[in-house]
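These notes are about the structure you will find just below.
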Amino acid sequence: MNPLNETQTSAAYIRVPGSSISNTRRWAVMWLLFIASIINYLDRSAISFALPLISHDLHLGPESKGVLLSSFFWSYTLMQVPIGLIADRLNLLWVYAGAFALWSLAQGLTGLAGSLMVLILLRIVLGLGEAIYLPGGTKIVSLLFGRSERGLPSGFFDSGTRFGLVVGGVGIPWLLVRFGWRDAFVLVGILGLLWLVPWFMAFPSKLAKIRQKEARESGGRAPARFRLVHFDRNLLGVCLGFFCFDYFWYLMLTWLPDYLYEARHLSIIKAGFFSAMPYAVFGVCQPLGGWIADRLIRRGWEETRTRKMMITIGFIFGLLMIPAALTQSATTAVALIVGAGFVGLSTANQLVIVQSCAPHEEVGVWTGFLNFAGNIGGVTAPLITGFLIAWTGSFVSAFILGPALLVSGSLAYWFIVGKLGSSQHVPAGEIGR
228 MNPLNETQTS
238 AAYIRVPGSS
248 ISNTRRWAVM
258 WLLFIASIIN
268 YLDRSAISFA
278 LPLISHDLHL
288 GPESKGVLLS
298 SFFWSYTLMQ
308 VPIGLIADRL
318 NLLWVYAGAF
328 ALWSLAQGLT
338 GLAGSLMVLI
348 LLRIVLGLGE
358 AIYLPGGTKI
368 VSLLFGRSER
378 GLPSGFFDSG
388 TRFGLVVGGV
398 GIPWLLVRFG
408 WRDAFVLVGI
418 LGLLWLVPWF
428 MAFPSKLAKI
438 RQKEARESGG
448 RAPARFRLVH
458 FDRNLLGVCL
468 GFFCFDYFWY
478 LMLTWLPDYL
488 YEARHLSIIK
498 AGFFSAMPYA
508 VFGVCQPLGG
518 WIADRLIRRG
528 WEETRTRKMM
538 ITIGFIFGLL
548 MIPAALTQSA
558 TTAVALIVGA
568 GFVGLSTANQ
578 LVIVQSCAPH
588 EEVGVWTGFL
598 NFAGNIGGVT
608 APLITGFLIA
618 WTGSFVSAFI
628 LGPALLVSGS
638 LAYWFIVGKL
648 GSSQHVPAGE
658 IGR
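If you count the sequence shown from 1, you need to add 227 to reach my numbering.
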């Protein structure tokens, strides 16, 4: 690895608007974002754990299950760019709180749904609220931490999503067996609202003032550069890479419990437990991958290659899903799927790359574009998987397609995304020149 040059070093240690906020307060906010991410993914993934019971009650086939699993991502995906703009322009204290309340209410009302169409509608509302988590959280990290510090907090707050799946994998099946799927959804939705109390107590008032100041300075308009942001080479690269990553991830998120139940013939309790294992590995690896990269960069490793290297290492682990789909042994399949959870080493570095490439005032909307592209995978992965299962009668082809896309994602990061920290905005048409 080449050492960091002087320009990179000064950029990596540049002061951020929230640098005057105490470290204790900064990490209190990170812990709250971590907990919010746990709740976020527990709420969105509960449908996957409850799917066998819901499909039995409502007589859903593979195609209908695929549509139900996909419906959340219709609104979630379309909201990414608008919510990114909102995160860049408005008070994140109220934006995040309002979105959180909306998704918690939608989660609770799911337990009252009496038909597939009502379930789909509530999943759409859930997606509208949950859209804030990544653009909002990433924007807050960029305000509180300098570039050489962002790997750990980025990975940490987002790792809550995977721990949400661990909590869901253990807790949701128990609630389903104990109370039934309807009462389980109502209970989870109501309890989630308690998070709002510490959020209003801990969020720094200085960040709200920063948002108001930036809005006044730009006259309430989006920065001029945003008009061309969709032509940026780096944005194109991270969007392609994140699409491939998220297709793989949402395949695991939406279909893994049903796969273990249907294809590997595990009980609902065991399917939930063994689904939680790769999610736990994934969650631990998220801050770990960011911390390793941060540490190497501070020791003099070149930032761009270090971030991309960690992404590639994580993606290689994701390929273990292919032999997992092909083996005849359920035990071997579970072990390989758990190993695939090491793909989480890539996540924090993907989030830091978008923060490093974006103009500071546009981190929210860039993250919105990133997550919009990624969640096209969230829309397509459940649908394509459902139709592949119906067409082939097997999960094998679907579980090969998802990991195979990770290869394309790695190539996008290496050959489309340029050097970090150069503040370059190269038109996509100049790629390869």
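For every residue, glycine included, the Cβ atom is placed at its ideal position computed from N, Cα and C.
Unbroken alpha helix (DSSP H) run spanning residue i, endpoints
i    : result
H283 : 250-285
W482 : 460-489
I627 : 623-642
M537 : 530-545
A411 : 408-419
L336 : 319-337
A551 : 548-553
R525 : 495-525
L572 : Counting along the chain, L572 falls outside any alpha helix (DSSP H), and DSSP gives it neither H nor E.
W426 : 423-429
Which listed residue (the options) has its alpha carbon closest to that of residue i
i    : options                : result
S264 : D315, T251, G363, G464 : G363
S302 : A560, V345, K646, E357 : E357
R405 : I495, L332, K646       : I495
F472 : L578, A255, S249, L336 : L578
Y323 : F383, G571, V256       : V256
Y474 : T304, L285, A340, N250 : T304
S637 : L317, L547, L339, I540 : I540
I248 : H283, W258, I603, F372 : F372
Y488 : S275, V345, V606, L346 : S275
V415 : M479, L343, G398, M537 : G398
C466 : L280, L370, A314, A639 : A639
S621 : V413, A631, A490       : A490
S297 : V644, M344, G566       : M344
S282 : Q334, L346, L319, W254 : L346
M428 : V592, G382, G605, L259 : L259
N250 : L370, M504, V644, S331 : L370
T619 : G395, W254, E290       : E290
K433 : S635, R252, K646       : R252
L353 : A340, S331, K535       : S331
Residue i to residue j span [Cα, whole Å]
i    : j    : result
A367 : P380 : In the sequence on display, residue 367 carries Ile and not Ala. Roughly 10 Å separates the two Cα atoms.
G601 : T481 : 15 Å
F642 : G568 : 25 Å
I351 : F300 : 7 Å
G571 : Y477 : 13 Å
L615 : V623 : 9 Å
I564 : R525 : 33 Å
V393 : D485 : 16 Å
T559 : K497 : 15 Å
T337 : P400 : 16 Å
L633 : L546 : 8 Å
A507 : M548 : 16 Å
L402 : L287 : 22 Å
M479 : A562 : 14 Å
S573 : S272 : 21 Å
F500 : G395 : 9 Å
L280 : L462 : 41 Å
E589 : I313 : 11 Å
DSSP state of residue i mapped onto helix, strand, coil
i    : result
F596 : helix
H587 : helix
G645 : coil
M306 : coil
A358 : coil
S342 : coil
F299 : helix
S381 : helix
G605 : helix
G396 : helix
G391 : helix
G620 : coil
G373 : coil
G293 : helix
G288 : coil
F386 : It is worth fixing the name first, because residue 386 is Ser in this sequence and not Phe. Three-state result, S386: helix.
S556 : coil
Proximity test, residue i beta-carbon vs the ligand ATP heavy atom, cut-off 7 Å
i    : result
F372 : As far as ligands go, the structure on display features none, and thus does not contain the ligand ATP.
Next on the checklist: Taking 8 Å as the cut-off, does the segment 413-432 touch the segment 315-332 (at least 3 CB pairs, one atom from each stretch)?
Outcome noted: yes
Next on the checklist: Pairs of beta-carbons, one from the segment 498-511 and one from the segment 376-393, closer than 8 Å: are there three or more?
Outcome noted: yes
Item to check | Cβ pair count under 8 Å reaching 3, the segment 265-273 against the segment 575-583 | outcome: no
Next on the checklist: Quick test of the definition: if touching needs 3 or more C-beta pairs under 8 Å, does the segment 591-608 touch the segment 295-312?
Outcome noted: yes
Item to check | contact_flag[the segment 607-617, the segment 395-413] where n(CB pairs < 8 Å) is 3 or more | outcome: no
Next on the checklist: Check whether the segment 546-554 and the segment 616-632 touch, using three or more Cβ-Cβ pairs below 8 Å as the test.
Outcome noted: yes
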